[in-house]
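Enquirer: Numbering (the numbering used here), first residue to last: 32 to 131. Once you've had a glance at the structure underneath, I'll fire off some questions.
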(Lines of atoms letter the chains of each structure in order from A and count residues from 1; the text may use other names and numbers.)
(Lines give C-alpha, C1' and ligand atoms only; values in the text may rest on other atoms or scores of the structure.)
Protein backbone atom coordinates (compact mmCIF):
# COMPACT_ATOMS: atom_id res chain seq x y z
CA UNK A 1 0.00 0.00 0.00
CA UNK A 2 1.44 3.37 -1.04
CA UNK A 3 1.28 6.15 1.55
CA UNK A 4 1.33 9.74 0.35
CA UNK A 5 4.01 11.82 2.13
CA UNK A 6 2.27 14.84 3.61
CA UNK A 7 4.30 18.00 2.80
CA UNK A 8 4.43 19.33 6.37
CA UNK A 9 3.95 16.15 8.40
CA UNK A 10 6.75 13.61 8.78
CA UNK A 11 5.95 9.90 8.69
CA UNK A 12 5.89 8.22 12.14
CA UNK A 13 9.39 7.15 13.21
CA UNK A 14 8.02 4.17 15.17
CA UNK A 15 6.52 2.71 11.95
CA UNK A 16 9.71 3.12 9.88
CA UNK A 17 12.82 2.93 12.08
CA UNK A 18 14.97 -0.03 11.10
CA UNK A 19 12.81 -0.78 8.04
CA UNK A 20 13.27 -0.22 4.33
CA UNK A 21 10.96 1.74 2.07
CA UNK A 22 10.37 2.18 -1.63
CA UNK A 23 9.58 5.62 -2.98
CA UNK A 24 7.31 6.59 -5.87
CA UNK A 25 7.20 9.99 -7.55
CA UNK A 26 6.56 11.69 -10.88
CA UNK A 27 9.53 13.16 -12.76
CA UNK A 28 8.98 16.88 -13.37
CA UNK A 29 10.81 16.78 -16.71
CA UNK A 30 9.01 13.93 -18.53
CA UNK A 31 6.16 13.02 -16.11
CA UNK A 32 7.22 9.37 -15.89
CA UNK A 33 6.23 7.62 -12.67
CA UNK A 34 9.48 6.53 -11.00
CA UNK A 35 9.82 3.69 -8.48
CA UNK A 36 12.98 3.33 -6.38
CA UNK A 37 14.73 0.28 -5.00
CA UNK A 38 14.37 -0.23 -1.26
CA UNK A 39 16.08 2.44 0.85
CA UNK A 40 17.01 2.02 4.50
CA UNK A 41 15.47 4.36 7.07
CA UNK A 42 18.25 5.46 9.43
CA UNK A 43 17.66 5.81 13.15
CA UNK A 44 18.06 9.27 14.67
CA UNK A 45 21.35 9.76 16.49
CA UNK A 46 20.49 8.94 20.11
CA UNK A 47 24.05 9.86 21.16
CA UNK A 48 23.60 13.50 20.05
CA UNK A 49 24.11 16.22 22.63
CA UNK A 50 20.66 17.68 21.88
CA UNK A 51 17.52 16.77 19.89
CA UNK A 52 18.45 19.45 17.35
CA UNK A 53 21.62 17.48 16.50
CA UNK A 54 19.94 14.05 16.38
CA UNK A 55 19.01 14.28 12.68
CA UNK A 56 20.30 11.45 10.50
CA UNK A 57 19.85 10.96 6.76
CA UNK A 58 20.41 8.58 3.89
CA UNK A 59 21.11 9.99 0.40
CA UNK A 60 20.92 8.10 -2.89
CA UNK A 61 20.39 8.90 -6.56
CA UNK A 62 18.15 7.39 -9.23
CA UNK A 63 17.87 8.04 -12.96
CA UNK A 64 14.42 8.53 -14.42
CA UNK A 65 13.76 5.66 -16.87
CA UNK A 66 11.88 8.06 -19.16
CA UNK A 67 14.46 10.83 -19.65
CA UNK A 68 17.63 9.82 -17.72
CA UNK A 69 17.33 12.83 -15.40
CA UNK A 70 19.11 12.13 -12.11
CA UNK A 71 17.00 12.64 -8.99
CA UNK A 72 18.54 12.87 -5.52
CA UNK A 73 16.65 10.94 -2.83
CA UNK A 74 17.03 11.90 0.82
CA UNK A 75 15.54 10.13 3.81
CA UNK A 76 15.71 12.41 6.87
CA UNK A 77 15.12 10.77 10.23
CA UNK A 78 14.54 12.72 13.46
CA UNK A 79 12.79 11.92 16.73
CA UNK A 80 9.81 13.87 15.30
CA UNK A 81 9.50 11.50 12.30
CA UNK A 82 10.80 10.64 8.85
CA UNK A 83 10.70 12.89 5.78
CA UNK A 84 11.35 11.80 2.19
CA UNK A 85 12.79 14.39 -0.20
CA UNK A 86 13.26 13.97 -3.95
CA UNK A 87 14.94 16.59 -6.13
CA UNK A 88 13.15 18.01 -9.16
CA UNK A 89 9.62 16.87 -8.32
CA UNK A 90 6.51 18.79 -7.35
CA UNK A 91 6.19 19.33 -3.60
CA UNK A 92 3.82 16.81 -2.09
CA UNK A 93 4.19 14.29 -4.93
CA UNK A 94 6.25 11.63 -3.11
CA UNK A 95 4.70 8.40 -1.82
CA UNK A 96 6.36 5.61 0.14
CA UNK A 97 5.74 1.94 0.78
CA UNK A 98 7.19 0.03 3.75
CA UNK A 99 8.78 -3.32 2.91
CA UNK A 100 7.30 -6.42 4.50
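A virtual CB, placed ideally from N, CA and C, is assigned to each residue, including glycine. If you're wondering where the values come from, they're calculated on a predicted model, not measured in any experiment.
What does a CB cutoff of less than 6 Å around residue 123 pick up in its chain, not counting 5 residues either side in sequence?
Expert: Around residue 123: 38.
Enquirer: For residue 77, does the count of other Cβ atoms within 10 angstroms reach 16, so buried, or fall short, so exposed?
Expert: Looking at its Cβ environment, which holds fewer than 16 other Cβ atoms inside 10 Å, residue 77 is exposed.
Enquirer: For residue 111, which of helix, strand or coil comes out of DSSP?
Expert: Reduced to three states, the DSSP call for residue 111 is coil.
Enquirer: Verify whether the separation of the beta carbon atoms of residue 126 and residue 35 is less than 8 Å.
Expert: Closer than 8 Å, so yes.
Enquirer: Specify, as a first and last residue, the run of the beta strand (DSSP E) that residue 54 falls within.
Expert: It spans 51-57 - the beta strand (DSSP E) in which residue 54 sits, taken as one unbroken run.
Enquirer: If I follow the unbroken alpha helix (DSSP H) through residue 46, where does it start and stop?
Expert: First-last of the alpha helix (DSSP H) with residue 46: 44-47.
Enquirer: Could you pull out every residue in the same chain whose Cβ sits closer than 6 Å to the Cβ of residue 105, ignoring the five residues on either side in sequence?
Expert: Cβ within range, chain order: 88, 90, 116.
Enquirer: From this set, 128, 93, 112, which residue's C-alpha is nearest residue 120's C-alpha?
Expert: Checking every option, the nearest Cα to that of residue 120 belongs to 93.
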